[in-house]
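K.L.:
There are 2 protein chains.
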Amino acid sequence: MAIKPALPKGARDFLPAEMRERTYITEVISRIFERYGYQRIETPALERNQTLTGKYGEEGDRLIFKIAPRGQKLSSALQKVAEGQPEAWQQATEEALRYDLTVPFARFVVQHQQELTFPFKRYQIQPVWRADRPQKGRYREFTQCDADAVGSDSLLLDLELIAIYQEVFDELGLPVAIRLNHRKVLAGLGETLGLNEEELGHFTMALDKLDKIGLAGVQKELQERGLPETAARTLEELTALDGSSAEKIQGLLRLVGSSAIGQQGLQELNFLLEEARALDRHQSLQLDFTLARGLDYYTGTIMEVVPTEQALGSLGGGGRYDDLTSLFGKPGLSGIGISFGLDRIQLALREARLFPAIEAIGTRVLFAHFGQREALYCLNLAQALRQLGVPTEVYPEAVKLKKQLQYAQKKYIPYVVLIGEEELKEGRFTLKNMEQGQQEELSKIELLERFNPNAQTNHGKH
Amino acid sequence: MAIKPALPKGARDFLPAEMRERTYITEVISRIFERYGYQRIETPALERNQTLTGKYGEEGDRLIFKIAPRGQKLSSALQKVAEGQPEAWQQATEEALRYDLTVPFARFVVQHQQELTFPFKRYQIQPVWRADRPQKGRYREFTQCDADAVGSDSLLLDLELIAIYQEVFDELGLPVAIRLNHRKVLAGLGETLGLNEEELGHFTMALDKLDKIGLAGVQKELQERGLPETAARTLEELTALDGSSAEKIQGLLRLVGSSAIGQQGLQELNFLLEEARALDRHQSLQLDFTLARGLDYYTGTIMEVVPTEQALGSLGGGGRYDDLTSLFGKPGLSGIGISFGLDRIQLALREARLFPAIEAIGTRVLFAHFGQREALYCLNLAQALRQLGVPTEVYPEAVKLKKQLQYAQKKYIPYVVLIGEEELKEGRFTLKNMEQGQQEELSKIELLERFNPNAQTNHGKH
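Chain order of the listed sequences is W and B.
Per the numbering used here, the first sequence starts with residue 132, numbered consecutively.
Per the numbering used here, the second sequence starts with residue 132, numbered consecutively.
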């Protein structure tokens with residue numbers, strides 16, 4: 132009557148090899164966030180239902196995982212349902228799993244505003260849950276890596292987050308484009324086209340699908356939404372814009388010509404491009420006036436990172452907002468945030484074989500032996516290696532050498548130290564290089580020196 | 132109509148200062164786990180209901196957070212409840228939040244047995260959820276840090292986990308006692324007292340409360356449970372055992388005299404004590420024959436870590452088990468595991484002021500300035516410092532210097548570089564030491580060298 136070992140739909144286990152990859156990525160991202168003064172925070176998985184409901188649109192609301200009531204509350208809710216009050220169910224449901232990191236962060240900023248130092252720069256790497264239909268590459272529990280700076284509308288922060296994107300992907304070795312646009316440029320286009328706010332929303336959302344449905348698809352959607360014919364023509368001109376950033380900006384100036392808000396957006400983009408160049412953080416930066424980003428709370432700079440040599444979709448995105456926290460009673464707090472897509476970045480690095488070799492980060496040395504006496508004999512030496520920071524294992528059982536070597540192979544351990552009766556008697560150790568196969572006899576001191584990271588300066592070539 | 136920013140009962144936010152402390156602890160623990168070849172894994176927060184139900188006793192079952200059904204499943208379940216089938220509710224509930232890391236790990240081992248290398252040594256640092264009544268120091272979401280080695284009954288693994296406990300608390304600087312006992316010793320006592328299995332269970336559970344309710348309390352409970360008078364007397368002798376480990380073992384040999392299983396337990400304890408001494412990993416180790424540990428799946432070594440200079444209760448515990456995975460269809464897989472209590476360790480380190488200074492790990496340098504021109508002027512230098520690995524910020528807005536210095540103070544930033552019109556003109560920088568208050572004028576090169584971690588060898592005293 133054993134229970135079948137299985138997971139719910141859309142949930143994943145991470146085995147050691149996969150965890151190593153994910154930890155490698157999040158460590159690079161955290162280190163760079165911290166180099167810019169972003170501080171790590173965490174919020175709980177469980178939020179109050181009313182904190183989350185209504186923030187993600189109708190579709191989003193349906194995808195929120197809610198916690199079932201328990202004990203007395205459950206029985207009394209079921210009782211009421213049985214008595215013909217189905218709405219009692221809704222009222223008894225108090226908690227839900229967070230759906231993203233942004234809404235909990237907004238709640239956090241308002242709740243702790245007296246304890247925070249503004250401008251507040253935070254990062255957060257935590258799982259979120261969405262009851263989406265699971266499919267290839269889409270899970271119900273996945274990790275988001277967000278950084279936000281709130282409480283300032285200075286463009287230096289936009290510049291800083293662009294630099295962070297550039298540095299992270301440089302350090303990971305992944306060639307990307309950082310696509311850059313500005314919501315005020317889109318607003319300027321709307322103004323020039325005579326669109327009202329709702330129509331501008333339709334225009335932006337349609338534009339957001341350009342990568343998926345192509346120019347004709349977007350134009351069809353604009354028509355269906357009843358937008359003027361000129362919108363479709365402007366869209367065509369947008370996609371045709373070419374040349375250097377300066378040329379693109381000139382081209383767009385013609386399109387948004389007289390719109391003050393459009394001009395302001397272009398000015399800000401120009402500032403960011405110039406300063407990123409001055410900082411040597413511009414290599415991946417590309418103006419893209421067709422970039423829209425789905426979320427409707429963006430009001431300024433918007434950006435998106437895509438790999439240039441892989442067909443994998445976006446690896447991250449973000450943008451500036453005027454008002455993150457008024458929902459929770461604190462209006463007028465502007466800021467900017469970016470996000471990294473851990474799953475996609477992992478796929479991209481794996482595909483491009485950019486992860487560091489396992490041999491360099493897992494266990495380095497395994498002691499293989501022929502019995503308890505030999506095992507005890509090597510414990511001290513194993514301990515000494517660990518003191519040097521060398522991850523070291525002693526095979527715990529007295530089994531055939533072949534099995535111990537297989538263990539080393541499967542765990543990608545590059546060195547095995549063999550200890551048999553002979554070695555024990557003579558106080559020597561046989562060091563086997565698992566990749567090249569050769570063996571050599573070493574004394575305890577020679578062995579320790581071989582793995583001492585500081586030994587080079589004392590006994591090496593210098 | 133703003134939503135009140137608040138959290139559900141028993142949930143916590145972690146602000147930057149607290150996250151720094153927690154990250155410091157988990158990094159020490161992970162580093163030492165990895166030094167011994169333990170590999171990190173993660174399991175999802177959501178498990179199937181049937182994986183968790185029935186594993187934690189009746190009380191535990193009530194504390195499991197269950198996920199409410201959604202959409203069609205929810206309406207049809209509520210419909211059935213309304214039609215007088217309240218059990219339809221239970222059937223529709225499919226997922227739950229993990230309650231500990233052990234049961235998901237057992238599920239993981241069986242599910243992925245073909246992909247794992249045995250003996251499999253893993254560690255896992257993740258939150259768990261329990262719908263306990265929240266109280267001081269007890270939360271509904273808290274982090275567990277577990278390491279287990281499964282697939283071997285070698286005592287070398289018990290020894291290894293004792294060494295890990297010793298090393299972690301040595302590195303944290305926290306004086307602790309590692310209390311050590313053996314379930315076979317308790318079984319031997321039971322045999323000598325003529326207890327059946329159920330009575331041995333009562334004896335063990337009563338013993339587990341010794342710290343809380345005292346000797347008289349435990350004796351009263353033994354009496355109430357109908358255990359023989361001799362059990363209470365044996366208990367008294369147990370608590371009176373004194374002297375060196377060898378003397379304690381001699382004392383216990385008298386008590387379990389003729390029980391083979393009791394003798395085996397004592398032999399194993401003796402082995403662990405001797406080998407830990409040979410490894411110089413015995414300083415905190417203390418035999419304690421009154422240690423019982425609550426969980427009933429332990430069958431061998433059991434241990435618990437308590438601070439010696441603080442009244443804080445246990446900082447961790449663990450033990451050996453014969454059979455972790457038969458529930459999921461794989462019998463006979465033995466192993467040993469230990470756990471660290473992150474919240475308690477954080478409290479202990481804070482109380483003993485053992486955390487590294489914030490100044491050493493947060494942002495090191497803030498550039499304060501008097502306007503956009505000055506800010507842009509220092510961006511390159513800030514970037515150069517970051518390249519050296521120095522966490523650096525540029526204050527994003529042109530506000531009064533006082534406000535910028537306050538920002539540095541609140542974030543415990545130890546150095547501020549001031550850039551005014553004067554500095555800009557002369558190409559120099561004023562470096563202010565925030566703790567000591569003194570200022571000095573430096574060139575760009577001097578400033579970079581001041582913060583270059585490698586500069587000492589080139590230009591320092593050596």
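We put the CB at the ideal spot given by N, CA and C, even for glycine.
Just to confirm my understanding: we take B/A237, look at its own chain, exclude 5 residues before and 5 after, and list those with CB closer than 7 Å. What are they?
P.N.:
These residues qualify, in order along the chain: L455, T456, L458 and F459.
K.L.:
What is the DSSP secondary structure of W/V281, counted as helix, strand or coil?
P.N.:
strand
K.L.:
Report yes or no: do the region 187 to 197 of chain W and the region 149 to 167 of chain W share at least 3 C-beta pairs separated by less than 8 Å?
P.N.:
no
K.L.:
Would you verify that the beta carbon of B/R364 is, or is not, closer than 8 Å to some beta carbon of chain W?
P.N.:
no
K.L.:
Compare the C-alpha of B/E528 against each of B/R166, B/L512, B/L446 and B/F501 and name the closest.
P.N.:
B/F501
K.L.:
For a contact meaning CB atoms closer than 8 Å, what does B/V547 contact in chain W?
P.N.:
The contacting residues do not exist; B/V547 stays about 13 Å from chain W at best.
K.L.:
With a threshold of 8 Å between beta-carbons, can B/H243 be considered close to chain W, or not?
P.N.:
yes
K.L.:
Let's see if you can read the secondary structure: which residues bound the alpha helix (DSSP H) around W/E528?
P.N.:
For W/E528, there is no enclosing alpha helix (DSSP H), since its DSSP letter is neither H nor E.
K.L.:
Under 8 Å between the Cβ atoms of B/L305 and B/T421?
P.N.:
no
K.L.:
Let me know the secondary structure DSSP gives B/I544 once reduced to three states.
P.N.:
For B/I544, the three-state secondary structure derived from DSSP is coil.
K.L.:
If you measure beta-carbon to beta-carbon, which residues of the region 165 to 192 of chain B are closer than 8 Å to chain W?
P.N.:
E165, R166, Y167, G168, Q170, R171, I172, E173, T174, P175, A176, L177, E178, R179, Q181 and T182
K.L.:
Just to confirm the assignment, what range does the alpha helix (DSSP H) spanning W/L410 have?
P.N.:
From DSSP, W/L410 is part of no alpha helix (DSSP H); its letter is neither H nor E.
K.L.:
Which ranges would you report for the beta strand (DSSP E) in the region 411 to 465 of chain W if only whole runs of at least 3 residues count?
P.N.:
416 to 418, 429 to 438 and 447 to 452
K.L.:
What does a CB cutoff of less than 7 Å around W/K592 pick up in its chain, not counting 5 residues either side in sequence?
P.N.:
Low local confidence applies: a pLDDT of 38 at W/K592 is under 50, so the model's placement there is unreliable, and no value is given.
K.L.:
Apart from the five residues on each side of it in sequence, which residues of its chain come closer than 6 Å, Cβ to Cβ, to W/A600?
P.N.:
Outside the displayed span of chain W (132 to 593) sits residue 600 of chain W, for which this structure offers no information.
K.L.:
Taking DSSP as the reference, what is the three-state secondary structure of W/R481?
P.N.:
helix
K.L.:
Hey, W/G493 and W/P462: beta-carbon distance below 8 Å or not?
P.N.:
no
K.L.:
Among the residues of its own chain, which have a CB less than 6 Å from the CB of B/S445, if the five just before and after it don't count?
P.N.:
So the list reads E435 and V437, once near-sequence residues are dropped.
K.L.:
Starting from the Cα of B/Y270, find the closest Cα among B/V387, B/F249 and B/Y230 and give me that residue.
P.N.:
B/Y230
K.L.:
Looking at C-alpha atoms only, which residue of B/L532, B/E566 and B/V548 is the closest neighbour of B/E572?
P.N.:
Put simply, of B/L532, B/E566 and B/V548 the residue whose alpha carbon is nearest the alpha carbon of B/E572 is B/V548.
K.L.:
With DSSP run on the structure shown, which of helix, strand or coil describes B/S574?
P.N.:
strand
K.L.:
For the pair the region 234 to 251 of chain W and the region 280 to 300 of chain W, tell me if three or more CB-CB distances fall below 8 Å.
P.N.:
Yes, since at least three Cβ pairs between the region 234 to 251 of chain W and the region 280 to 300 of chain W fall closer than 8 Å, the two stretches touch.
K.L.:
Does any residue of chain B have a CB that is nearer than 8 Å to the CB of W/G502?
P.N.:
no
K.L.:
My output table needs one value for B/V119: the three-state DSSP class, helix, strand or coil.
P.N.:
Outside the shown range of chain B, which is 132 to 593, sits residue 119 of chain B, and nothing can be said about it.
K.L.:
Is it the case that the region 326 to 335 of chain W contacts the region 347 to 364 of chain W, given that we only count it when at least three CB pairs across the two stretches are under 8 Å?
P.N.:
yes
K.L.:
Whole angstroms is fine: what's the gap from B/V316's alpha carbon to B/N327's?
P.N.:
Here the alpha carbon of B/V316 sits roughly 15 Å from the alpha carbon of B/N327.
K.L.:
Measuring only the C-alpha atoms, how far is W/N585 from B/G168?
P.N.:
22 Å
K.L.:
Residues bridged to B/C276 by DSSP?
P.N.:
Under DSSP, B/C276 takes part in a beta bridge, and its partners are B/I256 and B/F471.
K.L.:
Have a look at B/Q244, B/E225 and B/W260 and flag the residue whose alpha-carbon is nearest the alpha-carbon of B/F273.
P.N.:
B/W260
K.L.:
Verify the CB distance criterion: does W/K267 have a CB-CB separation below 8 Å to chain B?
P.N.:
At a cut-off of 8 Å between beta-carbon atoms, W/K267 makes no contact with chain B.
K.L.:
Could you list which residues in chain W have their beta carbon closer than 7 Å to that of B/V525, in chain order?
P.N.:
Those are L287, listed as they occur along chain W.
K.L.:
Going by other Cβ atoms of all chains shown within 10 Å of its Cβ, with 16 needed for buried, is W/S574 buried or exposed?
P.N.:
exposed
K.L.:
Does any CB atom of chain B fall closer than 8 Å to the CB of W/F145?
P.N.:
yes
K.L.:
Which class does B/I550 belong to by DSSP, given the choice of helix, strand or coil?
P.N.:
strand
K.L.:
Where does W/Q567 fall in DSSP's three states?
P.N.:
coil
K.L.:
So, is the C-beta of B/F196 closer than 8 Å to a C-beta in chain W?
P.N.:
Nearest CB-CB separation between B/F196 and chain W: below the 8 Å threshold.
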